[in-house]
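Report on the structure given below.
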Amino acid sequence: MLKHEQQIIFRGHIPALDGVRGIAILTVLLSHFLMREYFASERTYFIVQNGWMGVDLFFVLSGFLITGILLDSREKPGYFSGFYRRRVLRIFPLYYFAVLLTWLTIIFIEKAPERLHGYDSFAWFFTFTPNIAMGLKNDWLWHSEVFNLNHLWSLAVEEQFYILWPLVVYFMPKRGLAILCLVLLAMGTGLRNMTDHVVGTELSVTAYTLPFCRMDGLAVGAFVATALRLGWLQALPYNRWIARILFCWTGWEILQIFLNGTEHRLYTLSPILFACMLFLALSPNPRGITRRICENGFLQHLGKYSFGLYVFHHMFEYAWKRGFGDWLLVSGWPPMLAQTTYILLAFGGTYLLARVSWALIERPFMRLKKQV
Numbered sequence: 562m563l564k565h566e567q568q569i570i571f572r573g574h575i576p577a578l579d580g581v582r583g584i585a586i587l588t589v590l591l592s593h594f595l596m597r598e599y600f601a602s603e604r605t606y607f608i609v610q611n612g613w614m615g616v617d618l619f620f621v622l623s624g625f626l627i628t629g630i631l632l633d634s635r636e637k638p639g640y641f642s643g644f645y646r647r648r649v650l651r652i653f654p655l656y657y658f659a660v661l662l663t664w665l666t667i668i669f670i671e672k673a674p675e676r677l678h679g680y681d682s683f684a685w686f687f688t689f690t691p692n693i694a695m696g697l698k699n700d701w702l703w704h705s706e707v708f709n710l711n712h713l714w715s716l717a718v719e720e721q722f723y724i725l726w727p728l729v730v731y732f733m734p735k736r737g738l739a740i741l742c743l744v745l746l747a748m749g750t751g752l753r754n755m756t757d758h759v760v761g762t763e764l765s766v767t768a769y770t771l772p773f774c775r776m777d778g779l780a781v782g783a784f785v786a787t788a789l790r791l792g793w794l795q796a797l798p799y800n801r802w803i804a805r806i807l808f809c810w811t812g813w814e815i816l817q818i819f820l821n822g823t824e825h826r827l828y829t830l831s832p833i834l835f836a837c838m839l840f841l842a843l844s845p846n847p848r849g850i851t852r853r854i855c856e857n858g859f860l861q862h863l864g865k866y867s868f869g870l871y872v873f874h875h876m877f878e879y880a881w882k883r884g885f886g887d888w889l890l891v892s893g894w895p896p897m898l899a900q901t902t903y904i905l906l907a908f909g910g911t912y913l914l915a916r917v918s919w920a921l922i923e924r925p926f927m928r929l930k931k932q933v
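Right, dumping it as C-alpha cells:
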C-alpha cells in the first residue's frame with residue numbers, strides 16, 4: 562500500500578478533471594471576449610488576453626485522457642475501431658454542424674463563393690486541416706462576415722493527434738512511450754523556434770497552428786498518463802511537493818513574462834504549468850487545494866458544456882460585437898463596466914447556444930457511444 566501522499570487517482574471518471582476543463586474554457590472565453598478598445602495600456606491588454614493558454618490546458622488534458630484510454634484498452638478487442646467510432650461520435654456532429662452552417666451561409670446568404678479558394682477553401686475545414694492552411698498561409702483565414710471559424714484550428718490539431726496516436730500507443734512499450742513523450746515535449750519547443758526562423762516572423766501563425774509545433778502540450782499530458790501507469794510518479798519521493806514547486810516556478814516565470822517580457826516563452830512554460838496542475842488535481846486528498854478548486858461546481862458545469870462553448874463563442878464573435886459590443890463602445894459607460902457587460906452578454910449568448918447544442922446534437926450522439 563502506497564502512502565497517502567503517493568496515491569494518485571488516474572482511472573475512471575474523475576470530477577476534478579471536469580473542473581480542469583472548465584478552467585480551460587473559462588480562460589479562452591475571457592481572452593476572446595476582451596476588447597482592445599477598453600484598455601489604455603498595451604501591456605495591460607497583453608496580460609489579460611493571454612487566456613489563449615487555455616488551449617494548451619485543453620491539449621494537456623486531451624493528451625492525458627486519450628493516452629490513458631488507449632493504454633487501458635490496447636489489449637482489448639476492437640482497440641482501433643472502438644476508439645475511432647467514439648471520437649467520431651463526440652467530435653464530428655457539432656464540428657460539421659458549425660462548418661456546414663458557415664459554408665451554406667457564405668454560398669446562399671452572403672453569396673460570396675469567390676472567397677472559398679486556395680488556402681481559404683472550405684476543403685481544409687471539411688478534412689480537419691484548417692490549421693495546415695493557416696500554417697502555409699501564415700495568417701488566419703477569412704471567409705464570412707457572419708461567422709468566424711478560425712478557432713477550429715485547435716480541434717484540427719487534436720483530431721490529427723487522435724488519428725496517429727493510437728498507432729503509436731499500440732505498438733510501443735510503455736517505457737518507450739514515456740521516453741517518446743519527453744522527446745516530443747522538447748521537440749515542440751525547438752520546432753516552434755525553427756519555424757519562426759524559417760518564416761521570418763516571431764510568434765507566427767504558422768508556429769502557433771501547425772501540429773508539430775504544438776505537440777508539447779499533448780506530449781506532456783500523454784507522459785503523465787503513461788508515467789502513472791508505469792508507477793514512476795508514484796515512486797518519486799515527495800512527488801506532490803515537486804509538482805507544487807514546479808507549478809509555482811512556472812507560474813512565477815509566466816507572471817514575469819506578463820509584466821516584463823514577450824509572449825514567446827509562454828508556449829514552452831504553459832504546458833509544464835498545466836501538467837503540474839493536472840497532477841495536483843488527481844490527488845486522493847479531498848482537502849487538497851488544487852482538487853478543491855477543480856471540483857468547484859461552477860467549473861465542473863462549464864466543463865460539461867465546454868465543447869459547445871468553445872465552438873460557438875468565437876463562431877458568433879461578429880454577432881456579439883455587432884449586437885452589443887459596438888454600442889457599448891460609444892455608450893459613454895466607464896470602460897470597466899462596459900467590458901464587464903460585454904463579457905456577461907457574450908457569455909450568456911454562448912452558454913445558451915451550448916446548452917441547445919448539448920440537448921439537440923451532442924448528447925444524442927454521445928448516447929450512441931455506449932453501443933460501440
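The sequence shown begins at 562 in my numbering and counts up one residue at a time.
Backbone N, C-alpha and C fix where the C-beta goes; we use that ideal spot for every residue, glycine too.
| Around the Cβ of W714, are there at least 16 other Cβ atoms within 10 angstroms (buried) or fewer (exposed)? | buried
| field | Pair within 7 Å by beta-carbon distance, V760 and T770 | value | no
| Residue from H712, L631, Y656 and T756 whose Cα sits closest to the Cα of L725 | Closest by alpha carbon: L631.
| Reduced DSSP secondary structure (H/G/I, E/B, other) of V785 | helix
| said: For a test of the three-state rule: what should DSSP assign to V891, helix, strand or coil? | reply: coil
| Which value, in whole angstroms, describes the spacing of the CA atoms of K564 and G583? | Since pLDDT at K564 reaches only 47, below the 50 mark, its modelled position is unreliable, and the value read off the structure follows with that caveat. If you take the alpha carbons of K564 and G583, they lie about 30 Å apart.
| message | Please report the straight-line C-alpha distance between G612 and L728, rounded to a whole angstrom. | response | 33 Å
| query | V785: which of G624, F653 and F683 sits nearest, CA to CA? | reply | Checking every option, the nearest Cα to that of V785 belongs to G624.
| Quick one, are the C-beta atoms of L618 and A585 less than 7 Å apart? | yes
| task | Rounded to whole angstroms, what's the CA-CA distance from F594 to Y645? Just pull it up for me. | result | 34 Å
| task | Compare the beta carbon distance of A739 and A804 with 7 Å and say whether it is the shorter of the two. | result | In this structure, A804 does not lie closer than 7 Å to A739 by Cβ.
| Residue environment, R753, which counts as buried when at least 16 other CB atoms sit within 10 Å | buried
| query | Looking at the unbroken alpha helix (DSSP H) that takes in L816, where does it start and where does it end? | reply | Under the DSSP assignment, L816 falls in the alpha helix (DSSP H) whose first and last residues are N800 to N821.
| request: Take L816 as the anchor and find which of F607, E719 and H574 has the nearest alpha-carbon. | output: F607
| message | Please report the straight-line C-alpha distance between G679 and M876, rounded to a whole angstrom. | response | 21 Å
| request: Label G580 either buried or exposed according to how many other C-beta atoms from any shown protein chain fall within 10 Å of its C-beta, with 16 as the threshold for buried. | output: buried
| message | Quick check: what's the CA-CA separation for M562 versus A783? | response | Residue placement at M562 cannot be trusted, given a pLDDT of 38 that sits under 50; what the coordinates show is reported in the next sentence. Between M562 and A783, the C-alpha separation is close to 25 Å.
| Closest by CA to N800, which one among L929, L841 and D777? | L841
| Residue environment, A747, which counts as buried when at least 16 other CB atoms sit within 10 Å | exposed
| field | Coil, strand or helix - N692 by DSSP | value | Helix, per DSSP.
| task | Please say whether C837 and A577 have beta carbons closer to each other than 7 Å? | result | no
| task | Select from L587, Q610, L590 and V589 the residue whose C-alpha is nearest the C-alpha of E598. | result | Q610
| message | Given this structure, state the Cα-to-Cα distance separating L710 from G869, to the nearest angstrom. | response | 13 Å
| According to DSSP, is G792 helix, strand or coil? | coil
| CA-CA distance, S867 and R883? | 24 Å
| request: Specify, as a first and last residue, the run of the alpha helix (DSSP H) that T666 falls within. | output: Segment: none, T666 is in no alpha helix (DSSP H) and carries neither H nor E.
| task | Indicate whether T666 and S705 have their beta-carbon atoms separated by less than 7 Å. | result | yes
| query | Got a sec? Which residues, its chain only, sit under 7 Å from A717 by beta carbon, not counting five neighbours each side? | reply | The beta carbon of A717 sits closer than 7 Å to those of F689, T690, P691 and N692, all from its chain and outside the five residues before and after it, given in chain order.
| message | Can you tell me where the alpha helix (DSSP H) holding G864 begins and where it ends? | response | G858 to K865
| Where Q905 falls, given that 16 or more other Cβ within 10 Å makes a residue buried | For the sequence presented, residue 905 should be read as Leu rather than Gln. L905 comes out exposed.
| field | Coil, strand or helix - T762 by DSSP | value | T762: coil per DSSP, three-state reduction.
| request: Quick one: residues in its chain with C-beta nearer than 6 Å to the C-beta of L890, no 5 flanking neighbours on either side, listed in chain order? | output: E598
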